[in-house]
Amino acid sequence: MRDLTAIVADLSTKTAGMNDKQRQAFLSGLGLDAQAAAFSVLAQNSGQLNEFTKATTNSTGEMDQALKNSANMSDRIAGFMNRMKAVMLSLGYRLLPYVNYGLDVLDAGFTWVGENLNGIKAIAEGLGAGIAVILASMAAQVIWTGVGR
């Protein structure tokens with residue numbers, strides 16, 4: 684199927700020397716009764732239609748380029764931050780099972796400590812007493828033997 688600008692260009696060429704009535708009669712003869720007036724206007728301005736079509740076809744690329752050219756430093760920083768957030772979200776979703784496992788282990792450890800606090804306190808007191816006895820015996824040895832004078 685041919686594109687509209689090519690069809691309008693052909694109609695413009697065929698109807699170049701005609702006035703509006705002749706052009707509408709010609710188009711009606713092609714079976715375009717309802718569209719004759721619109722095609723008549725398009726045929727008279729086929730060059731402008733072609734330029735307009737090219738401009739709208741390429742408007743996305745031009746808009747992207749204009750946006751890129753108009754971006755100031757804060758826009759560029761915002762874009763960078765958005766890309767960084769996307770990376771962090773992706774990384775977070777991948778690391779989440781490991782973080783949850785680590786938190787479960789810590790929670791179990793703290794729960795155990797909380798449940799066994801009296802036993803841990805007794806062990807710590809016993810170790811403290813044992814260390815105190817060792818230090819006292821070392822101090823007595825230093826005093827009696829005179830080491831360090």
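In this text, residue positions in the sequence shown follow the numbering used here: the first is 684, and each later residue adds one.
Note that the Cβ used here is the ideal one computed from N, Cα and C, for glycine as well.
Quiz prompt | Range of the contiguous alpha helix (DSSP H) that encloses Asn783 | solution = 756-798 is the extent of the alpha helix (DSSP H) around Asn783.
Exercise. Can you have a look at Thr698 and say buried or exposed, based on whether 16 or more other CB atoms are within 10 angstroms of its CB?
Key: Counting other Cβ atoms within 10 Å of its Cβ, Thr698 reaches 16 or more and is therefore classed as buried.
Quiz item: Alpha carbon to alpha carbon, what distance is there between Thr696 and Gly712?
Solution: Each residue's alpha carbon lies about 17 Å from the other.
Self-check item: Cβ separation of Ile806 and Val796, assumed to be a contact under 8 Å, to the nearest whole Å
Solution: So it is not a contact: roughly 12 Å between Cβ atoms.
Quiz item: Do you know how far the Cα of Glu798 is from the Cα of Asn783?
Solution: Looking at the two C-alpha atoms, the distance is approximately 22 Å.
Quiz item: Buried or exposed: which applies to Arg706, given that a residue is buried once 16 or more other Cβ atoms fall within 10 Å of its Cβ?
Solution: Taking all protein chains in view, the Cβ of Arg706 is crowded by 16 or more other Cβ atoms within 10 Å, so the residue is classified as buried.
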